[in-house]
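4 protein chains.
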Amino acid sequence: MDKSEANGGKRSKTRIGAANIDRILDAALIEFAHSGLRGTRIEQVAEAAGMSKTNLLYYFRTKDELYAAALTRTLDIWLEPLRELDSAIGPAAGLTAYIEQKLDYSRRFPEASRLFAMEIMQGAPHLKTVLAGELADLVERKTATIKGWIAAGLMAPVEPLHLLFTIWATTQHYADFSEQIRTLTGKDLTDEAFFAQTKAALVGMILKGVLPRSPG
Amino acid sequence: MDKSEANGGKRSKTRIGAANIDRILDAALIEFAHSGLRGTRIEQVAEAAGMSKTNLLYYFRTKDELYAAALTRTLDIWLEPLRELDSAIGPAAGLTAYIEQKLDYSRRFPEASRLFAMEIMQGAPHLKTVLAGELADLVERKTATIKGWIAAGLMAPVEPLHLLFTIWATTQHYADFSEQIRTLTGKDLTDEAFFAQTKAALVGMILKGVLPRSPG
Amino acid sequence: MDKSEANGGKRSKTRIGAANIDRILDAALIEFAHSGLRGTRIEQVAEAAGMSKTNLLYYFRTKDELYAAALTRTLDIWLEPLRELDSAIGPAAGLTAYIEQKLDYSRRFPEASRLFAMEIMQGAPHLKTVLAGELADLVERKTATIKGWIAAGLMAPVEPLHLLFTIWATTQHYADFSEQIRTLTGKDLTDEAFFAQTKAALVGMILKGVLPRSPG
Amino acid sequence: MDKSEANGGKRSKTRIGAANIDRILDAALIEFAHSGLRGTRIEQVAEAAGMSKTNLLYYFRTKDELYAAALTRTLDIWLEPLRELDSAIGPAAGLTAYIEQKLDYSRRFPEASRLFAMEIMQGAPHLKTVLAGELADLVERKTATIKGWIAAGLMAPVEPLHLLFTIWATTQHYADFSEQIRTLTGKDLTDEAFFAQTKAALVGMILKGVLPRSPG
DNA sequence: TATGAATGAGACTTCATTCAT
DNA sequence: TATGAATGAAGTCTCATTCAT
Numbered sequence: 007m008d009k010s011e012a013n014g015g016k017r018s019k020t021r022i023g024a025a026n027i028d029r030i031l032d033a034a035l036i037e038f039a040h041s042g043l044r045g046t047r048i049e050q051v052a053e054a055a056g057m058s059k060t061n062l063l064y065y066f067r068t069k070d071e072l073y074a075a076a077l078t079r080t081l082d083i084w085l086e087p088l089r090e091l092d093s094a095i096g097p098a099a100g101l102t103a104y105i106e107q108k109l110d111y112s113r114r115f116p117e118a119s120r121l122f123a124m125e126i127m128q129g130a131p132h133l134k135t136v137l138a139g140e141l142a143d144l145v146e147r148k149t150a151t152i153k154g155w156i157a158a159g160l161m162a163p164v165e166p167l168h169l170l171f172t173i174w175a176t177t178q179h180y181a182d183f184s185e186q187i188r189t190l191t192g193k194d195l196t197d198e199a200f201f202a203q204t205k206a207a208l209v210g211m212i213l214k215g216v217l218p219r220s221p222g
Numbered sequence: 007m008d009k010s011e012a013n014g015g016k017r018s019k020t021r022i023g024a025a026n027i028d029r030i031l032d033a034a035l036i037e038f039a040h041s042g043l044r045g046t047r048i049e050q051v052a053e054a055a056g057m058s059k060t061n062l063l064y065y066f067r068t069k070d071e072l073y074a075a076a077l078t079r080t081l082d083i084w085l086e087p088l089r090e091l092d093s094a095i096g097p098a099a100g101l102t103a104y105i106e107q108k109l110d111y112s113r114r115f116p117e118a119s120r121l122f123a124m125e126i127m128q129g130a131p132h133l134k135t136v137l138a139g140e141l142a143d144l145v146e147r148k149t150a151t152i153k154g155w156i157a158a159g160l161m162a163p164v165e166p167l168h169l170l171f172t173i174w175a176t177t178q179h180y181a182d183f184s185e186q187i188r189t190l191t192g193k194d195l196t197d198e199a200f201f202a203q204t205k206a207a208l209v210g211m212i213l214k215g216v217l218p219r220s221p222g
Numbered sequence: 007m008d009k010s011e012a013n014g015g016k017r018s019k020t021r022i023g024a025a026n027i028d029r030i031l032d033a034a035l036i037e038f039a040h041s042g043l044r045g046t047r048i049e050q051v052a053e054a055a056g057m058s059k060t061n062l063l064y065y066f067r068t069k070d071e072l073y074a075a076a077l078t079r080t081l082d083i084w085l086e087p088l089r090e091l092d093s094a095i096g097p098a099a100g101l102t103a104y105i106e107q108k109l110d111y112s113r114r115f116p117e118a119s120r121l122f123a124m125e126i127m128q129g130a131p132h133l134k135t136v137l138a139g140e141l142a143d144l145v146e147r148k149t150a151t152i153k154g155w156i157a158a159g160l161m162a163p164v165e166p167l168h169l170l171f172t173i174w175a176t177t178q179h180y181a182d183f184s185e186q187i188r189t190l191t192g193k194d195l196t197d198e199a200f201f202a203q204t205k206a207a208l209v210g211m212i213l214k215g216v217l218p219r220s221p222g
Numbered sequence: 007m008d009k010s011e012a013n014g015g016k017r018s019k020t021r022i023g024a025a026n027i028d029r030i031l032d033a034a035l036i037e038f039a040h041s042g043l044r045g046t047r048i049e050q051v052a053e054a055a056g057m058s059k060t061n062l063l064y065y066f067r068t069k070d071e072l073y074a075a076a077l078t079r080t081l082d083i084w085l086e087p088l089r090e091l092d093s094a095i096g097p098a099a100g101l102t103a104y105i106e107q108k109l110d111y112s113r114r115f116p117e118a119s120r121l122f123a124m125e126i127m128q129g130a131p132h133l134k135t136v137l138a139g140e141l142a143d144l145v146e147r148k149t150a151t152i153k154g155w156i157a158a159g160l161m162a163p164v165e166p167l168h169l170l171f172t173i174w175a176t177t178q179h180y181a182d183f184s185e186q187i188r189t190l191t192g193k194d195l196t197d198e199a200f201f202a203q204t205k206a207a208l209v210g211m212i213l214k215g216v217l218p219r220s221p222g
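Residue numbers (my numbering), protein chains in the order written: chain X, 7 to 222; chain C, 7 to 222; chain A, 7 to 222; chain U, 7 to 222.
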């Protein structure tokens, strides 16, 4: 997932153009994630990208176009881990790896996580079709994987979708609600020890639950 | 958590004033949750509350004041379930009740959940002090409860904060990401059966995990 | 010049009404003098008068009506000293008395002076007819007096109007520009010594000039 | 005192920008002087400057910024004559020249005089620091000059500050109260004869007074 | 006489976007 | 590619005034 890929057909014939587009999208992600579509001013993005507003508009003709481009990148980041969920290695290793990777993404791309979250919370106006298409397809394949594991007796008969939702919710929470988490723990995922502790805690809870194993 | 209480010193000397303030705050919650602070127009709230923009501004002098009032209400809703987490009944019943009640709140007040989430994701500019004060205090008391259960051998030695985060994340997810959930399942928490199923799934996963109990 | 007289036919049948009207006009004078017609809010006057905006509007139906009333009072104050300029006592005593009384009015009614000044500076939209009528008549009579003195060889042949303008300008200056004067001298007319000093200085300059008498 | 200088760091990188700023400030001076800060609409200034309101706001982001810029120019105009008061030529010629130049400024920049007056009368909120700094310094130097003349027996022992106030008051009066003056005389300083007559009258009164020279 | 509620006409300001160079 | 200039539509907020009690 190299971020300099997704230049969706933009004006980038020259090297400098491509570089500018990357700088813009980096800035846009941060600003949109922080203030939302309406709350972000184009000038603010331009400033963060180190260029004039007018020049930014040379690359992205409208605010919506810019937002859409930033969002597309975000979605790529969001989908990546799920794609790698592999049926071959079984639920214990497979889910552990998935949780760990999702959490790693929350650490590395917290703004992407937040931008995605805000978009969904506002009714996903720009993402509806992708959710119903690409995401739904992918999810269907992965739930089949999980169902296979259940059928093989490798895990408890949980509803696969709820499992996915739980993994998404918990791992993303550490990016999306980092402010709250920082207030209560004094740490966030950028802290190595806290990251490791969180990883262990989530894997433990989701795989084994919080109640004692031995009866009582 | 009766919503008609929080008239924090507003112009509500008469009955009609208090009623208007309630209508305004109801509308404000919905609109702000949907479009954010910047994205919501005052007129939009006024219309939803069935009054003129100017009349709304008679009660709340600025948009920020209105937003702050709506947010305060939201926070009350958010904190309520946690306050009821009771040490006496033990982890199995206690956590089950807490999860169920949080989920019930997600069903009944999805907009409040979303508004709270958006505020936190933007860095909690209006809520920071409350988070560090009231919330931190409450959380400290409740983590003590959980630690007590662990010390008594009633539950596995999980880090209490991560447990709370997990419960918050999962239950709120069904409100905050309802659009995505609706796209993938065709349902949301307003569907009785789906609500029951979700409740069971979350309680099951968090209490017992997803791996089979008997080493299988 | 008792200020409780000029209630120009206002609703003041009761004692309390008359008292309110006085309080309002006192406040209006101060506020209008400080911020001008447009710059003054009705509520500001009401507050200064210790009543609600709506109640003030019971006495003066519009802002303009209130302004006109305050201005009329002001004009009375302004004209008073000139009326007393007396031909019988000759220029030395007469002009001295006039200057002293004008300066005394600047000390006692600085807001009235300022309100009058602002109104004139903006083109006297509310005062034009009075200026051209009442004031012009009065001025004509007084310039005749001065001309008489000149004809009698009692004073130098100065243009009477310029003399009046000079007296008005200098005496009013100490009220209107009191801020500047306070900055440069640390004092204003409320300081007894400064008042006396100013009086002597003005009388001296206007009557005798600043150059040495004996052919220097 | 060339008015096209004071572009205090504004957006004026191009020639067109500088020209626009000048046109705006010219218009602003007139409008503010006539209607005050609150009473003047931005659109009104824009119209007078021959551009759209939004374009004006491109150069001056707020009304206050525009007002401050106009006021600064005004102050420059106001201070100019005083700077030229010269000790070398003695009181008769020096004061005559000063009075004449002040009066000339009243004729050429009546709006600047009025704007300055209104600002002072409202308590000089935007000018306080400049008055206490630049103006106070300048005044101190000039009063020293006058004191020197008095010590040399070249003029009567008047308090220099009162002399300055008298000159300011009288000369500015013909600009600030021109409406009243026009009502009473039918003329103003734009009338050549009236200007000359006024000049002579003021110089005469201030230098020699109104009482007869011979045996007083 | 007094006040809370309601309104409409403004006025300021922001901001995405277009134009011209 | 880049930027200064210009604009129009929108949105917030103010304030005199009216209504109802």
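Every residue, glycine too, gets a C-beta built ideally from N, C-alpha and C. Note that the structure is a prediction, hence the values are computed from the model and not measured.
Consider the Cβ of His132(X): report whether some Cβ of chain C lies at a distance smaller than 8 Å.
The sequence position of residue 132(X) within the first sequence is 126, counting from 1. Output row for His132(X): interface = no.
Pick from Gly215(U), Leu208(U), Lys19(U) and Ile212(U): whose alpha carbon is nearest that of Leu109(U)?
Numbered from its first residue, the fourth sequence carries residue 109(U) at position 103. Measuring from the Cα of Leu109(U), the nearest candidate turns out to be Leu208(U).
Ordered list of alpha helix (DSSP H) runs contained in the region 20-82 of chain A, each at least 4 residues:
21-45, 48-54 and 59-65
For the region 163-177 of chain U, enumerate the residues whose C-beta is nearer than 8 Å to any C-beta of chain A, in chain order.
Val164, Glu165, Leu167, His168, Leu169, Phe171, Thr172, Trp174, Ala175 and Thr176
Applying the criterion that 16 or more other CB atoms from any shown protein chain within 10 Å of the CB defines a buried residue, is Phe135(C) buried or exposed?
What you label residue 135(C) is simply residue 129 of the second sequence in a count that begins at 1. First, the amino acid is wrong: residue 135(C) is Thr here, not Phe. By the neighbour-count rule (16 or more Cβ atoms within 10 Å), Thr135(C) is not buried but exposed.
Is the separation between the beta-carbon of Glu125(X) and that of Gln107(X) shorter than 8 Å?
Here the question's residue 125(X) lines up with position 119 in the first sequence. Here the question's residue 107(X) lines up with position 101 in the first sequence. Result no, Cβ atoms of Glu125(X) and Gln107(X) do not sit closer than 8 Å.
Close-in-space but distant-in-sequence residues of the same chain around Glu11(A) (CB under 7 Å, 5 per side omitted):
For the purposes of this step, residue 11(A) is taken as the residue at position 5 of the third sequence. For Glu11(A), the predicted model reports a pLDDT of 45, less than 50, meaning its position is unreliable; a value from the coordinates is still stated below. Answer for Glu11(A): no residue qualifies.
Answer yes if the region 112-129 of chain U comes into contact with the region 176-194 of chain U, meaning at least three C-beta pairs across the two stretches below 8 Å, and no otherwise.
yes
Would DSSP call Gln128(A) helix, strand or coil?
For the purposes of this step, residue 128(A) is taken as residue 122 along the third sequence, with counting starting at 1. Reduced to three states, the DSSP call for Gln128(A) is coil.
Using CA atoms only, rank isn't needed, just tell me which of Arg79(X), Thr196(X) and Thr172(X) is closest to His132(X).
Mapped onto the first sequence, residue 132(X) falls at position 126. With distances taken between Cα atoms, His132(X) lies closest to Arg79(X).
Nearest neighbour of Gly100(A), chosen from Ile173(A), Phe183(A) and Met127(A) [CA to CA]:
For the purposes of this step, residue 100(A) is taken as the residue at position 94 of the third sequence. Comparing Cα-Cα distances from Gly100(A) to each of Ile173(A), Phe183(A) and Met127(A), the minimum goes to Ile173(A).
Could you tell me which chain U residues have their CB closer than 8 Å to the CB of Gly42(A), listed as they occur along the chain?
Locating residue 42(A) in the third sequence gives position 36, counting from the first residue. Within chain U, the residues near Gly42(A) are Gly42, Arg44, Gly45, Met124 and Gln128.
Ser41(A), buried or exposed, once every other Cβ within 10 Å from all chains shown has been counted against 16:
Numbered from its first residue, the third sequence carries residue 41(A) at position 35. Ser41(A) is buried by the Cβ-count criterion.
Three or more beta-carbon pairs under 8 Å between the region 56-66 of chain A and the region 26-41 of chain A, yes or no?
yes
Do we get a CB-CB distance below 8 Å when we pair Lys1(X) with the residues of chain C?
With chain X covering 7 to 222 only, the question about residue 1(X) has no answer from this structure.
Cutoff 8 Å: Pro87(A) Cβ touching any chain U Cβ:
Residue numbering aside, residue 87(A) sits at position 81 when the third sequence is read from its first letter. No, no contact with chain U.
Measuring CB to CB, does Thr189(X) end up less than 8 Å from Ala142(C)?
As a working note, residue 189(X) is residue 183 in the first sequence. As a working note, residue 142(C) is residue 136 in the second sequence. In this structure, Ala142(C) lies closer than 8 Å to Thr189(X) by Cβ.
For Gly56(X) and Tyr30(X), the rounded distance between their alpha carbons
The sequence position of residue 30(X) within the first sequence is 24, counting from 1. The sequence position of residue 56(X) within the first sequence is 50, counting from 1. Going by the sequence as given, residue 30(X) is Ile instead of Tyr. Rounded to whole angstroms, Ile30(X) to Gly56(X) spans 9 Å at the Cα level.
Just the Cα atoms here: how many angstroms apart are Arg44(C) and Ser58(U)?
As a position in the second sequence, residue 44(C) is number 38, starting the count at 1. As a position in the fourth sequence, residue 58(U) is number 52, starting the count at 1. Distance between the alpha carbons of Arg44(C) and Ser58(U): 27 Å.
Residue environment, Glu185(U), which counts as buried when at least 16 other CB atoms sit within 10 Å:
Taking the fourth sequence and counting its residues from 1, one reaches residue 185(U) at position 179. When all chains shown are included, Glu185(U) counts as buried.
Determine the closest residue to Asp139(C) out of Thr46(C), Leu85(C) and Leu169(C), with distance taken between C-alpha atoms.
On the second sequence, position 133 is the one that residue 139(C) refers to. The identity of residue 139(C) in the sequence shown is Gly, whereas the question assumes Asp. Nearest of Thr46(C), Leu85(C) and Leu169(C) to Gly139(C), Cα basis: Leu85(C).
From the beta carbon of Met57(X), is the nearest beta carbon of chain C less than 8 Å away?
Here residue 57(X) corresponds to residue number 51 of the first sequence, with the count starting at 1. Judged by the 8 Å Cβ criterion, Met57(X) is not in contact with chain C.
Whose Cβ in chain U lies nearer than 9 Å to the Cβ of Arg120(A)?
On the third sequence, residue 120(A) is found 114 positions in, with the first residue counted as 1. Those within 9 Å of Arg120(A) in chain U are Met127 and Gln128.
Can you confirm whether Gln203(A), when its beta carbon is compared against all beta carbons of chain U, has any partner nearer than 8 Å?
On the third sequence, residue 203(A) is found 197 positions in, with the first residue counted as 1. Yes - at least one Cβ of chain U is within 8 Å of the one on Gln203(A).
How long is the line joining the alpha carbons of Met211(X) and Thr196(C), rounded to whole angstroms?
Reading the first sequence from its first residue, position 205 is the one you call residue 211(X). Reading the second sequence from its first residue, position 190 is the one you call residue 196(C). Using only the alpha carbons, I get a separation of about 27 Å.
Do you know offhand how far Glu165(X)'s Cα is from Met127(X)'s?
The residue you call residue 165(X) lines up with position 159 of the first sequence. The residue you call residue 127(X) lines up with position 121 of the first sequence. Taking the straight line joining both Cα atoms gives about 24 Å.
Does the beta-carbon of Gly222(C) have 16 or more other beta-carbons within 10 angstroms, so that it is buried, or is it exposed?
For this step, residue 222(C) is matched to residue 216 along the second sequence. A caution first: Gly222(C) carries a pLDDT of 37, below 50, which makes its placement in the model too unreliable to give a value.
Buried or exposed by the 16-neighbour rule on C-beta atoms within 10 Å, applied to Thr46(C):
Working through the second sequence from its first residue, we reach residue 46(C) at position 40. Label assigned to Thr46(C): buried.
Answer with buried or exposed for Pro116(X), where buried requires no fewer than 16 other C-beta atoms within 10 angstroms of its C-beta.
By one-based count along the first sequence, residue 116(X) stands at place 110. Its Cβ being crowded by 16 or more others within 10 Å, Pro116(X) is buried.
Burial state of Gly154(U) (16 or more Cβ within 10 Å)
Within the fourth sequence, residue 154(U) is the residue found at index 148, counting from 1. So Gly154(U) counts as exposed.
Leaving aside the five residues before and after Glu198(A) along the sequence, list all residues of the same chain whose C-beta is less than 7 Å from its C-beta, in chain order.
The count along the third sequence starts at 1 and reaches residue 198(A) at position 192. Taken in chain order, the list of residues that qualify is empty.
Strictly under 8 Å for the Cβ-Cβ distance: is Glu185(C) near chain X by that measure?
Here residue 185(C) corresponds to residue number 179 of the second sequence, with the count starting at 1. Chain X contact via Cβ: present.
When the cut-off is 8 Å and only beta carbons count, does Thr80(U) lie next to chain A?
Position 74 of the fourth sequence, counted from the first residue, corresponds to residue 80(U). Judged by the 8 Å Cβ criterion, Thr80(U) is not in contact with chain A.
How about Leu144(U) and Leu88(U): do their beta carbons lie closer than 8 Å?
By 1-based counting over the fourth sequence, the position of residue 144(U) is 138. By 1-based counting over the fourth sequence, the position of residue 88(U) is 82. In contact: Leu144(U) and Leu88(U) (Cβ atoms closer than 8 Å).
Taking the runs of the alpha helix (DSSP H) that are 4 residues or longer, which of them lie wholly in the region 89-169 of chain C?
96-114, 116-127 and 142-157
Roughly how many angstroms separate the alpha carbons of Ile187(C) and Ile105(C), rounded to a whole number?
Residue numbering aside, residue 187(C) sits at position 181 when the second sequence is read from its first letter. Residue numbering aside, residue 105(C) sits at position 99 when the second sequence is read from its first letter. Straight-line Cα distance between these residues: approximately 19 Å.
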